[in-house]
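Presented below is the structure to which this report refers.
Number of protein chains: 2
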Amino acid sequence: MNAYQARTGDMQFLLSSVLNAPAKLQALPAFADVDPDLMQQVLDESGKFVSEVIAPLNRDGDEIGAQWQDGVVTMPTGFKQAYQTFWQSGWPALSASAEDGGQGLPCVLEAMLYEMLSAANHGWTMAPGLLHGAYECIKHHASDELKAQYLQKVATGEWLATMCLTEPHAGSDLGLVRTKAVPLPDGQYALSGTKIFISGGEHDLTENIVHLVLARLPDAPPGPKGLSLFLVPKFYPDGSRSRVHCDRIEEKMGLHGSPTCVMRFDEAVSALVGEPGKGLNAMFVMMNAARLHVALQGIGLLDAAWQKADAYAQERRQMRAPGQGKGPGQADLIGEHPAVRRILDTQRAWVDAGRVLAYRTALELDLIKHSPDPTVQAAAQRWCALVTPVMKSVFTHQAFHGGSDCLQVFGGHGYVREWGIEQIVRDARVAMIYEGTNEIQAIDLLVRKVLVDGGQGMNGLLDGLLAELPQHTKSSTPAQARVQTLRAVTQQIVKAAPQDAALAYRVADDYLRSVALVLMEWAWLRIEAGVDASDPQSAQRWSAPAKALRDWVLPEFQMRSYIIVSQCTAAA
Amino acid sequence: MNAYQARTGDMQFLLSSVLNAPAKLQALPAFADVDPDLMQQVLDESGKFVSEVIAPLNRDGDEIGAQWQDGVVTMPTGFKQAYQTFWQSGWPALSASAEDGGQGLPCVLEAMLYEMLSAANHGWTMAPGLLHGAYECIKHHASDELKAQYLQKVATGEWLATMCLTEPHAGSDLGLVRTKAVPLPDGQYALSGTKIFISGGEHDLTENIVHLVLARLPDAPPGPKGLSLFLVPKFYPDGSRSRVHCDRIEEKMGLHGSPTCVMRFDEAVSALVGEPGKGLNAMFVMMNAARLHVALQGIGLLDAAWQKADAYAQERRQMRAPGQGKGPGQADLIGEHPAVRRILDTQRAWVDAGRVLAYRTALELDLIKHSPDPTVQAAAQRWCALVTPVMKSVFTHQAFHGGSDCLQVFGGHGYVREWGIEQIVRDARVAMIYEGTNEIQAIDLLVRKVLVDGGQGMNGLLDGLLAELPQHTKSSTPAQARVQTLRAVTQQIVKAAPQDAALAYRVADDYLRSVALVLMEWAWLRIEAGVDASDPQSAQRWSAPAKALRDWVLPEFQMRSYIIVSQCTAAA
Chain A
1 MNAYQARTGD
11 MQFLLSSVLN
21 APAKLQALPA
31 FADVDPDLMQ
41 QVLDESGKFV
51 SEVIAPLNRD
61 GDEIGAQWQD
71 GVVTMPTGFK
81 QAYQTFWQSG
91 WPALSASAED
101 GGQGLPCVLE
111 AMLYEMLSAA
121 NHGWTMAPGL
131 LHGAYECIKH
141 HASDELKAQY
151 LQKVATGEWL
161 ATMCLTEPHA
171 GSDLGLVRTK
181 AVPLPDGQYA
191 LSGTKIFISG
201 GEHDLTENIV
211 HLVLARLPDA
221 PPGPKGLSLF
231 LVPKFYPDGS
241 RSRVHCDRIE
251 EKMGLHGSPT
261 CVMRFDEAVS
271 ALVGEPGKGL
281 NAMFVMMNAA
291 RLHVALQGIG
301 LLDAAWQKAD
311 AYAQERRQMR
321 APGQGKGPGQ
331 ADLIGEHPAV
341 RRILDTQRAW
351 VDAGRVLAYR
361 TALELDLIKH
371 SPDPTVQAAA
381 QRWCALVTPV
391 MKSVFTHQAF
401 HGGSDCLQVF
411 GGHGYVREWG
421 IEQIVRDARV
431 AMIYEGTNEI
441 QAIDLLVRKV
451 LVDGGQGMNG
461 LLDGLLAELP
471 QHTKSSTPAQ
481 ARVQTLRAVT
491 QQIVKAAPQD
501 AALAYRVADD
511 YLRSVALVLM
521 EWAWLRIEAG
531 VDASDPQSAQ
541 RWSAPAKALR
551 DWVLPEFQMR
561 SYIIVSQCTA
571 AA
Chain B
1 MNAYQARTGD
11 MQFLLSSVLN
21 APAKLQALPA
31 FADVDPDLMQ
41 QVLDESGKFV
51 SEVIAPLNRD
61 GDEIGAQWQD
71 GVVTMPTGFK
81 QAYQTFWQSG
91 WPALSASAED
101 GGQGLPCVLE
111 AMLYEMLSAA
121 NHGWTMAPGL
131 LHGAYECIKH
141 HASDELKAQY
151 LQKVATGEWL
161 ATMCLTEPHA
171 GSDLGLVRTK
181 AVPLPDGQYA
191 LSGTKIFISG
201 GEHDLTENIV
211 HLVLARLPDA
221 PPGPKGLSLF
231 LVPKFYPDGS
241 RSRVHCDRIE
251 EKMGLHGSPT
261 CVMRFDEAVS
271 ALVGEPGKGL
281 NAMFVMMNAA
291 RLHVALQGIG
301 LLDAAWQKAD
311 AYAQERRQMR
321 APGQGKGPGQ
331 ADLIGEHPAV
341 RRILDTQRAW
351 VDAGRVLAYR
361 TALELDLIKH
371 SPDPTVQAAA
381 QRWCALVTPV
391 MKSVFTHQAF
401 HGGSDCLQVF
411 GGHGYVREWG
421 IEQIVRDARV
431 AMIYEGTNEI
441 QAIDLLVRKV
451 LVDGGQGMNG
461 LLDGLLAELP
471 QHTKSSTPAQ
481 ARVQTLRAVT
491 QQIVKAAPQD
501 AALAYRVADD
511 YLRSVALVLM
521 EWAWLRIEAG
531 VDASDPQSAQ
541 RWSAPAKALR
551 DWVLPEFQMR
561 SYIIVSQCTA
571 AA
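Residue numbers (the working numbering), protein chains in the order written: chain A, 1 to 572; chain B, 1 to 572.
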């Protein structure tokens with residue numbers, strides 16, 4: 001089994017030549033000092049750290065896994081040491097503000113780091129994965145007293161953090177949360193209830209763990225508006241242990257390197273974060289960033305699966321390939337067989353488009369934070385609102401299904417542990433579920449983001465995409481036509497939805513896939529425009545996945561349109 | 001976790017009311033005594049045995065798994081007792097000839113039994129899964145002396161059997177097999193080599209194990225024509241142990257209840273089966289039946305996944321469903337949410353169509369064996385040759401991908417072991433690989449079966465489907481049009497293939513999916529014609545999956561046609 005190797009050359013090309021990120025970032029006052037050399041250096045160091053320190057721990061993470069005994073969770077061999085190196089090197093603090101102990105670098109660099117970390121070791125990466133959200137949540141909503149105690153520790157990653165939302169009966173529907181917060185005389189609260197699916201609820205990576213918990217005050221109304229947010233650490237600042245217990249960890253399909261904890265709050269003394277009844281707001285502020293991170297997990301895992309399958313296809317020989325010159329021996333490389341070629345080039349089309357879209361989205365997050373221009377900010381908000389659920393859904397879907405295609409390249413060898421490809425498929429499956437299931441992403445996109453303004457926001461996004469398409473190339477005409485079809489389909493749903501309350505919910509997934517395909521085509525036209533055609537090696541690197549996109553991926557668009565239009569017609 | 005329950009009512013309806021199987025079978029002299037009551041009784045008893053004895057062992061099969069130590073394999077708790085009951089009750093011998101100790105019943109009853117067994121416990125079912133193939137192989141190719149020693153033991157299942165084909169460097173390409181067979185003075189052979197991925201190569205279920213092994217005689221030419229077939233048991237008739245060793249078993253993604261063995265043959269004394277150089281013929285004679293069994297695994301596992309998801313969707317409440325009357329409490333059943341409804345109804349559309357097609361294929365196998373009419377036999381051969389690879393591919397694909405959709409219904413609860421759904425997804429994955437990968441099924445269909453006669457055989461199959469379509473219903477017109485499109489697409493490939501040697505290999509999967517969708521539509525029109533419209537409960541049972549087929553499944557057909565036509569145009 002070969003471990004994942006970060007290949008930062010491709011990433012750097014997409015960041016600079018395709019997205020022109022260094023110039024865009026340097027134009028912002030906050031990043032005036034972030035020159036291309038610095039970005040390159042951070043990216044190279046990230047890749048080195050990931051390949052050398054994190055990737056080699058992936059298999060033990062799966063096979064040994066996190067172990068629970070009597071409320072104590074022991075992480076797999078090497079995880080703690082790697083985490084200590086990670087935070088002490090400043091990696092978790094990459095995009096946190098300098099004033100909080102962070103490095104004040106752009107989100108897009110953090111995004112690239114997390115793509116590589118997830119590709120190398122999804123289980124390990126779950127531990128720091130929630131840090132940034134917790135940091136922003138505390139920074140923007142906690143009292144000054146709480147900030148003084150927790151902000152810097154979380155910003156630097158010296159302490160890890162959790163998000164305690166789900167309960168046995170309350171998953172997608174957080175309005176059903178029952179955990180109780182009873183006011184105490186000193187202004188704090190006694191928290192009681194059970195939370196499940198808490199990633200990193202207990203572990204031995206850090207000295208302390210900071211829990212952010214959704215709960216209900218005694219006089220709170222039912223439903224989501226009755227939820228408030230609380231902070232309770234494993235150890236209080238005075239060193240005493242809180243009444244927060246890990247009752248067990250789940251046996252899962254994969255992701256064994258991350259303990260998925262059942263957490264019991266037994267009148268645990270907690271502090272309110274933000275205003276009563278505004279718990280969901282405080283947490284959902286960070287939702288776009290968190291969903292982007294999950295999309296990056298999908299992209300990273302798919303790249304890791306592709307790397308393994310590609311390497312195998314370049315050494316395994318079986319049968320003669322059709323229409324190929326005959327190589328030595330009795331059989332050709334399986335990478336020369338059309339069915340295998342199709343799998344490999346198709347996954348690469350997904351990975352590369354995914355990177356362009358994810359890095360672009362991270363750049364938009366940087367613009368939201370740092371652009372002085374309200375028009376730019378508004379466009380960036382629109383991009384993130386519309387594109388993030390699409391990315392979370394399709395790239396986690398592709399990591400599992402395309403990862404399974406990569407497994408297929410190995411034949412029977414893919415089904416056994418030896419090559420590590422089946423671990424990727426098992427690990428990837430969870431990303432379709434958490435941070436909002438993919439079905440909920442589709443509803444978020446169509447019902448909450450598109451229909452809510454009659455499709456105007458989506459039209460604005462599509463205008464922007466059209467403006468950025470290369471003009472007058474052979475490929476720009478079908479891309480423009482597809483954008484227009486998507487516009488028309490959007491309007492059909494807008495018109496038909498009032499006649500049938502369930503219509504939008506029925507076609508939400510088809511709509512999300514349609515948007516994804518338009519975005520993928522846009523991304524690939526941008527890539528092709530950035531390729532130096534005079535460099536044959538570079539041209540060859542990007543031409544096969546571009547062709548795979550057109551041959552095998554984009555035809556899904558017409559199927560999705562057909563399904564949506566049929567449903568709209570039936571509803572009318 | 002609720003274990004699989006056989007629901008034989010649906011199966012009986014498809015067999016009798018849709019396929020009219022009892023009358024068709026009774027018309028054959030061999031089955032003159034097999035009346036509808038007997039068939040019903042066998043089916044009911046099968047279901048009872050599977051639900052009561054086999055299904056409860058599934059979870060231990062996964063969690064304990066087969067264990068290897070020093071060459072000895074111990075099966076999970078309860079497996080041996082269940083197998084002894086199984087063979088002593090005559091189940092493995094269901095379709096074996098009475099003269100060999102079998103029950104002489106139709107293949108279709110065996111097919112239904114194996115669908116249920118696979119649904120209940122895929123791992124356990126691997127053990128007897130190869131028996132029938134070994135039985136036919138020995139019956140038709142072994143010498144009288146070998147038959148006297150082995151045929152009845154294998155027919156009844158008292159001894160289990162293996163097929164030893166794959167070697168580390170020879171998977172899909174058996175022409176690369178290197179295992180050597182050196183003639184001995186007494187007319188036997190000394191077999192030396194290593195075989196991998198041998199299901200049930202060693203275990204404690206039966207007293208003896210009969211291995212059928214592909215190997216090469218010293219003077220054999222390279223490639224597939226140099227392969228001969230040999231038989232070597234674990235214990236010879238005189239009780240002595242053969243030099244066949246299980247060196248280890250694989251750690252796999254799933255299917256832990258079935259030991260996947262590395263088998264070492266160390267000058268093992270073996271007997272030739274059939275003629276030298278005809279080893280593949282002797283094994284491939286049974287390929288249609290073996291592939292049908294794998295398709296039935298897919299159908300069974302998908303049904304098992306659907307059962308679990310359906311039960312969960314009827315008890316879990318989350319959020320309000322759109323366009324529904326508001327039920328009690330704050331939230332509706334998730335089965336009322338359109339995204340969940342779509343998943344459940346779609347999988348049912350696949351399961352039911354799969355059953356119609358699989359039972360029909362099994363009936364055709366019965367006709368091949370027992371029809372006195374050569375025209376009927378030829379049509380049955382054509383059906384099996386063309387439909388079997390389609391079924392193997394699409395139903396194993398759907399078991400994994402549709403099984404994953406069923407997992408999604410559980411949200412986070414689907415990713416943990418508790419509900420047993422993730423085991424189904426892990427177990428199902430292997431069926432896309434073994435018995436010829438799904439890519440090879442597609443090549444088998446298009447290159448070896450369709451193009452080889454310029455599409456005539458496929459046209460004949462489509463004529464037959466058209467003739468069996470209900471006439472003049474609202475749904476028959478689009479079905480007829482789809483058949484005509486498939487005809488046209490077939491002719492386009494026939495015409496374009498000579499210009500581009502790789503074309504057929506590139507579009508083989510799209511072609512196979514197109515054929516599958518035409519077959520599914522045919523199956524559902526037959527089901528609808530068989531439903532008693534005056535019985536509201538029956539009409540309701542079948543109408544939702546029929547609608548799901550048309551809304552969500554069939555639109556893929558136009559995408560596949562578009563891809564094929566585009567590739568043909570580019571090749572011309």
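Even for Gly, the Cβ is constructed at its ideal location relative to N, Cα and C. Computed from a predicted model, the values in this text were never measured in an experiment.
For residue i, three-class secondary structure by DSSP
i	result
B/Tyr434	coil
B/Leu573	Beyond the ends of chain B as shown, which are 1 and 572, falls residue 573 of chain B; an answer cannot be given.
B/Ala32	coil
B/Ser371	coil
B/Trp68	strand
A/Pro233	strand
A/Thr388	helix
B/Ala170	strand
B/Leu105	coil
B/Tyr83	helix
B/Gly61	helix
Anticipated Cβ contact below 8 Å, residue i with residue j, distance rounded
i	j	result
A/Pro29	A/Ala349	About 37 Å separates the two Cβ atoms, so there is no contact after all.
B/Ile249	B/Trp522	Rounded, the Cβ-Cβ distance is 42 Å, inconsistent with contact.
B/Ala161	B/Leu212	7 Å
Continuous alpha helix (DSSP H) stretch holding residue i: start and end
i	result
A/His122	His122 to Gly129
B/Gly279	Gly279 to Phe284
B/Ser240	Counting along the chain, B/Ser240 falls outside any alpha helix (DSSP H), and DSSP gives it neither H nor E.
A/Ala313	Met287 to Ala313
A/Trp542	Pro536 to Ala548
B/Gly460	Gln456 to Glu468
B/Pro478	Ser476 to Ala496
A/Arg20	Residue 20 of chain A is actually Asn in this sequence, not Arg. First-last for A/Asn20: undefined, no H or E at that position.
Those residues which DSSP pairs with residue i across a bridge
i	result
B/Tyr189	B/Pro183 and B/Ser270
A/Met559	Note: A/Met559 sits in no beta bridge, so no partner.
A/Pro276	According to DSSP, A/Pro276 bridges with nothing at all.
A/Lys195	A/Met263
A/Lys252	B/Val416
A/Arg355	None, per the DSSP bridge assignment.
B/Val73	B/Trp68
A/Ser573	This structure cannot speak to residue 573 of chain A, because chain A is shown only from 1 to 572.
A/Arg317	A/Leu333
Residue i, enclosing beta strand (DSSP E) - first and last residue
i	result
A/His245	Val244 to Ile249
B/Thr162	Leu160 to Cys164
B/Val210	Ile209 to Arg216
Discussion item. Below 8 Å, how does it come out for the region 420 to 430 of chain B and the region 356 to 364 of chain B: are there three or more Cβ pairs, yes or no?
Written reply: no
Between the region 385 to 394 of chain A and the region 286 to 304 of chain A, do three or more beta carbon pairs fall short of 8 Å? At 8 Å Cβ cutoff, the stretches touch.
* Check whether the region 198 to 212 of chain B touches the region 167 to 187 of chain B, counting contact only when three or more Cβ pairs, one atom from each stretch, lie closer than 8 Å. => no
- At least 3 beta-carbon pairs within less than 8 Å: the region 331 to 347 of chain B vs the region 403 to 414 of chain B: yes
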